[in-house]
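Each number in the numbering used here corresponds to the 1-based position in the sequence shown with 374 added. In this text, a Cβ means the ideal position worked out from N, Cα and C, and glycines have one as well. Quick notes on the structure that follows.
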Amino acid sequence: MIGNNLLVSGHEDLSAPVTIGKLLRSAKGMIDHTDAHWLLQSVLNSNAAFLIAHAEQPLDAELVDHFQQLLARRVAGEPVAYLTGERGFYDLVFEVTPDVLIPRPETELLVELALSKISSIRQCRILDLGTGSGAIAVTLAKYRPDSCVTAVDLSTGALAVAKKNAKKHDVRNINFIEANWFSGVSGEKFDVIVANPPYIAEGDSHLQEGDLRFEPLGALVAQNNGLSCITSIIAQASGYLEPSGWLVLEHGYDQADACRELLEKAGFTHLFTRPDLAGVDRVTGGRYG
């Protein structure tokens, strides 16, 4: 645990009550400013506005101790999303646990593109492969309440989290299936298939950095230089798409060309690649038939 001597900074009075402002100042230089706010909001079950408006509010020892414990774990590298148990995504807040990947802003692009491809289709059918926390599937179901969404994942733990998120957001137009990619939807057809599959190569140095160190390896890493899952999905997708249906995939920073080549060889047309907010090619897709 982080010692009490780290609860204060500068020349603050050690005998003074520990306030919200003092706790946040104590974390300065140890973790990111935003991370500290998220941790304290979680401890106090509050929001950012509350922290600002009540900066001088004293806190009891139990709350201070809880924040210290979370602060120590964050200093050790644990992701804020796992410490607080939630992460914002596409204007919604999702429960997350170490059973699932942490939803990231770049994946919001995948949702936006999928929504654009089905904007003119009424009562569309959507398949989300490797749903994880359900962030993609639940968001699509929420924004297209007339749709029928199927969310597939091989992990029992991940599906449990995804189901909680569907319930949290009162999404009822979604069906969860425990299966490996397409094995649970034999004979079904969809207007759009989306996937954020594992796409990091085995042994990639990024796996030893940041939040990736704590996330489920099976949801991150794929063989064949990170392309094995993407290759499998593209090879099978045409058998599960309605005429002129779309396949939309998130991929690694250097995999756009490979994805486009695989899509073209599989008979897809109207190929596209779009960059994320950082300017990195992040999502590629195409239409079949």
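Sequence-distant residues of the same chain with beta carbon closer than 7 Å to residue i, five excluded per side
| i | result |
| --- | --- |
| aspartate 520 | Arg496, Gln497 |
| arginine 634 | Leu645, Thr647, Thr658 |
| valine 485 | Tyr464, Ile510, Thr513, Leu514 |
| aspartate 473 | Ser529, Gly531, Ala532, Val535, Pro590 |
| aspartate 585 | Pro453, Ile476 |
| glycine 395 | Ala429, Glu430 |
| alanine 630 | Thr647, Asp655, Thr658 |
| lysine 487 | Contrary to the premise, residue 487 reads as leucine rather than lysine in this sequence. Excluding residues within five positions, the ones whose Cβ falls inside 7 Å are Val622, Arg648, Val657, Gly659. |
| alanine 632 | Leu601 |
| aspartate 669 | There is simply no residue 669 to check, as the chain begins at 375 and stops at 663 in what is shown. |
| glutamate 616 | Lys563, Phe564, Asp565 |
Beta-carbon proximity of residue i to residue j, cut-off 8 Å
| i | j | result |
| --- | --- | --- |
| histidine 411 | alanine 429 | no |
| phenylalanine 550 | lysine 541 | no |
| leucine 413 | leucine 444 | yes |
| valine 467 | serine 507 | no |
| leucine 621 | alanine 611 | yes |
| valine 568 | aspartate 502 | yes |
| leucine 397 | phenylalanine 441 | yes |
| isoleucine 492 | valine 523 | no |
| glycine 641 | tyrosine 662 | yes |
| glycine 626 | phenylalanine 564 | no |
| isoleucine 405 | valine 449 | yes |
| glutamate 624 | valine 595 | no |
| threonine 605 | leucine 637 | no |
| isoleucine 500 | tryptophan 555 | no |
| valine 559 | lysine 516 | no |
Residues near residue i in its chain [Cβ-Cβ closer than 8 Å; skip 5 each side]
| i | result |
| --- | --- |
| alanine 652 | Glu480 |
| arginine 447 | Leu457 |
| alanine 593 | Val474, Leu475, Gly504, Gly506, Ser529, Ala532, Pro572 |
| threonine 393 | Ala429, Glu430, Gln431, Pro432, Leu433 |
| glycine 459 | Ser416, Glu469, Val470, Thr471 |
| aspartate 650 | Pro479, Glu480, Leu483, Arg656, Val657 |
| histidine 580 | Ile574, Leu586 |
| histidine 543 | Leu466, Val512, Lys516 |
Exposure label - residue i; buried when at least 16 CB within 10 Å
| i | result |
| --- | --- |
| threonine 513 | buried |
| lysine 402 | exposed |
| serine 400 | buried |
| valine 654 | exposed |
| arginine 656 | buried |
| serine 383 | The predicted model places serine 383 with a pLDDT of 43, which falls under 50 and marks its position as unreliable; any figure quoted below should be read in that light. When all chains shown are included, serine 383 counts as exposed. |
| aspartate 527 | buried |
| asparagine 539 | buried |
| arginine 587 | exposed |
| methionine 375 | Note that methionine 375 has pLDDT 42, beneath the 50 cutoff, so the model's placement of it is unreliable and the number below is only indicative. Exposed, since its Cβ has fewer than 16 Cβ neighbours within 10 Å. |
| arginine 518 | buried |
| asparagine 570 | buried |
| isoleucine 426 | exposed |
Own chain partners of residue i with C-beta closer than 6 Å, once the 5 adjacent residues on each side are dropped
| i | result |
| --- | --- |
| alanine 455 | Arg461, Val470, Ile476 |
| alanine 553 | Val526 |
| cysteine 603 | Pro571, Pro572, Ala596 |
| valine 566 | Ala488, Lys491, Ile492, Ile500, Trp620 |
| aspartate 578 | none |
| proline 391 | Pro432 |
| asparagine 599 | Ala575 |
Strand pairing of residue i, partner residues [DSSP]
| i | result |
| --- | --- |
| glutamate 469 | Glu460 |
| tryptophan 620 | Val566, Arg661 |
| threonine 524 | Leu501, Asn549 |
| isoleucine 405 | Lys402 |
| arginine 648 | Val657 |
| leucine 533 | According to DSSP, leucine 533 bridges with nothing at all. |
| threonine 643 | Arg661 |
| leucine 615 | Phe564 |
heavy atom of the ligand HEM below 7 Å from residue i C-beta
| i | result |
| --- | --- |
| glycine 626 | Ligands are entirely absent from the displayed structure, and the ligand HEM is therefore not among its contents. |
**OP:** At 4 residues or longer, and completely inside the segment 559 to 603: list those alpha helix (DSSP H) runs for me, N to C.
**Re:** 597 to 600
Subject >> Every unbroken alpha helix (DSSP H) within the segment 391 to 451, with a cutoff of 4 residues, ordered by chain >> reply: 394 to 401, 407 to 418, 422 to 427, 435 to 449
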